[in-house]
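To start, the structure under review is shown below, and the notes come after it.
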Amino acid sequence: GAAKLLAVSSPKRPLIAFDEVRDLVQRYGAHDVSYHEGVVKSTHTPRGGQRPFDINGDRFEHRFVMETPVDGFSHPKVYLSFLRQVCSNGAIGYGRAFRSDISLGKEIGLCIARALDSYDNEEGYAALRQRFASAQTSWASVRECRQATKVLEKVGLASGGRRRHLQQAFHRMSGNLNELYGLANLDALSGKRQRVLPSRCRVYDVINFLSEVATHHTAPAAAQSLQALVGTMISDEYDLEGTAATGTEFADLFLGAEGAAPLASVN
C-alpha cells in the first residue's frame, strides 16, 4: 500500500531501528512484542520479580509495559501494569501517575537496556494496587459505564455480530441502565447526575471488561484506547468511591462463546 508518514523529527536526533529494539526487548525477557504506527510495545517483569499478590481472591503479578518509538519523535515510556492470572488480562496504568519517561543520550540502545535491566517502582505498584482494591468496593456510575460503552462502540472488531455480542455482554454486566432509570437516552441526564447514579456492577468489573477486550479481542490501535480509559479511571477518584461496603466474587471472563457472557459481581 501507500507509504505513511508517521512523524517528522530533527535529522540530528538519534534513532534506533525496529530490529534493534525488537532484539533488545526480547533479550530482556519480553512477554510479548507488538508494533503499531512507529512504536514498539513490549511487556516485561520488573527487576523485583513478579511479586504475586491477591486482592479479594483475585491473583495478580507485577508487569511493566515499555513503548519505544522508532521514529525519533518522542522518548520511550514505561507504564506500570498488572497481569490478572485467572484470565491473563493485562491492565496497563496509562496515566501520568503510573508512567516513567526514559531519558536518552546518543546511545539509545544502551539507555533502553539500562531501563529494562533495572526498572522497578515499588511505590507505584503499591498505589496501583490500592486503586484496584478500591475499584472492587466502588459501584460504577452511569457516567463511567457510558464512558466505557462509547469507547467500546468505536473499537475495531471482526464483524457486526461480534460487536453486538460485545455490547450485549457489557449491558449484561452493568445492567440495563435505560430500563433501570426509565430513560430512552442516558445522555439526557446531566453529567453531575450521571456521576451519582449507580449501575449494577463495580468499577473493577468495568476495568476487567475493558482490559479483557484490549488483551484478547482487538487490534493494537483499539487496545490502546481501551487501556487509556482504564488508566484514566484508576488515576482519578471513582465517582462512587467506596460505596460498595465489601468486595465480592468477580467474573473470570466476560466474553466467552457468543451469548455466554456471565453476569458480573452483582450485589
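In the working numbering, the protein residues as written are 1150 to 1416.
Where a beta carbon is used, it is the ideal one built from N, C-alpha and C, also for glycine.
Return the residue from the list the options that minimises the CA-CA distance to residue i.
i     : options                    : result
S1223 : H1211, S1252, N1205, S1230 : S1252
R1233 : A1377, R1342, D1354        : D1354
A1377 : E1272, L1359, Y1387        : L1359
P1201 : I1383, S1384, A1275, N1327 : A1275
Q1373 : P1195, G1198, G1258, Y1243 : Y1243
C1294 : E1271, G1273, N1325        : N1325
Between residue i and the rest of its own chain, which residues show a CB-CB distance below 6 Å, the 5 nearest in sequence each way excluded?
i     : result
D1181 : T1192
A1337 : none
V1214 : T1192, Y1228, S1230, I1241
T1364 : N1238, G1239
Mind checking residue i: buried by the 16 CB within 10 Å criterion, or exposed?
i     : result
G1380 : buried
E1302 : exposed
R1311 : exposed
G1331 : exposed
G1340 : exposed
S1323 : buried
L1164 : exposed
V1291 : buried
V1170 : buried
N1334 : exposed
N1357 : buried
D1168 : exposed
A1370 : exposed
G1254 : exposed
D1207 : buried
Looking only at its chain, what residues have a beta carbon closer than 8 Å to the beta carbon of residue i, apart from the 5 residues adjacent to it on each side?
i     : result
W1288 : P1347, S1348, C1350, R1351, V1352, L1389, T1392, A1393
L1265 : L1173, V1174, Y1177, H1193, M1215
R1196 : D1266, S1267, Y1268, D1269
Counting only the same chain and skipping the five closest in sequence on each side, list residues whose C-beta sits under 7 Å from that of residue i.
i     : result
E1216 : V1188, K1190, P1225, K1226
R1344 : S1290, R1292, D1388
Three or more C-beta pairs under 8 Å: does that hold for the segment 1174 to 1188 against the segment 1270 to 1290?
With a cut-off of 8 Å, the segment 1270 to 1290 and the segment 1174 to 1188 do not count as touching, because too few Cβ pairs lie within range.
Within the segment 1341 to 1393, note down every full alpha helix (DSSP H) run reaching 4 residues or more, in order along the chain.
Within the segment 1341 to 1393, the complete alpha helix (DSSP H) runs of at least 4 residues are 1352 to 1365, 1369 to 1384.
If we count Cβ pairs, one from each stretch, closer than 8 Å, do we get three or more for the segment 1294 to 1301 versus the segment 1309 to 1324?
Flag = yes, the segment 1294 to 1301 and the segment 1309 to 1324 touch.
What ranges does the alpha helix (DSSP H) occupy inside the segment 1271 to 1344, keeping only unbroken runs of at least 4 residues that lie completely in it?
For secondary structure counted as the alpha helix (DSSP H) over 4 or more consecutive residues, the segment 1271 to 1344 holds these complete runs in sequence order: 1271 to 1285, 1291 to 1301, 1309 to 1323, 1326 to 1330.
Which ranges would you report for the beta strand (DSSP E) in the segment 1167 to 1202 if only whole runs of at least 3 residues count?
Within the segment 1167 to 1202, the complete beta strand (DSSP E) runs of at least 3 residues fall at 1181 to 1185, 1188 to 1193.
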